[in-house]
Each structure stands twice: as structure tokens, then as C-alpha cells.
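Residue 0 is where the sequence shown starts when you use numbering that gives the first Met the number 0, and the numbers rise one by one after that. Below is one structure; the comments refer to it alone.
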Amino acid sequence: MVARARFCRRIQPVLEDGCGISVEEASEAGTSSQCPRCAEKRHVSRNGDVFQCDSCSC
């Protein structure tokens, strides 16, 4: 856990200041069933390793 925290502290300024990418810490719970485009959870279906969102059709 200490190594992860150190990594996060070091990579965040690189991404935000150097690349313009904002970083925020989030819980991992439910992320494998959440659409990365629209964040919908209720209308995401899974077929093996393939996820499909019925809300935004991605």
C-alpha cells in the first residue's frame, strides 16, 4: 500500500501539470460493470469479456 501511495503522489503532478490530464481517486467497486463513456450501470450487458451499453450504444 505504501508503494501505491508513493506512485500516486509522484504520477499525479506529471499527468496534471505535464499532460493536462486531471486525476481523481475513485473506488473500484462496480467499475467493471460501468460504461466508460456515459457512466451508466443499469443498462450495461456483458457477453464474456465484451461489455455493451444500451444507453449510449458504445
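By construction, the Cβ of each residue, glycine as well, lies at the ideal position given by its N, Cα and C atoms. Nothing here was measured: the structure is a model prediction, and the numbers come from that model.
Alpha-carbon spacing of A25 relative to A38, whole angstroms: 13 Å
Straight-line Cα distance separating V1 from L10: One point to set straight first is that residue 10 is Ile, not Leu, in the sequence displayed. When rounded, the distance between both Cα atoms is 14 Å.
Contacting residues, own chain, Cβ-Cβ under 7 Å from V22 (five flanking each side not counted): Q11, L14, E15
Bridge partners - S56, DSSP secondary structure assignment: Partner(s): none; S56 has no beta bridge.
Inter-residue spacing [alpha-carbon to alpha-carbon] between Q33 and G19: 24 Å
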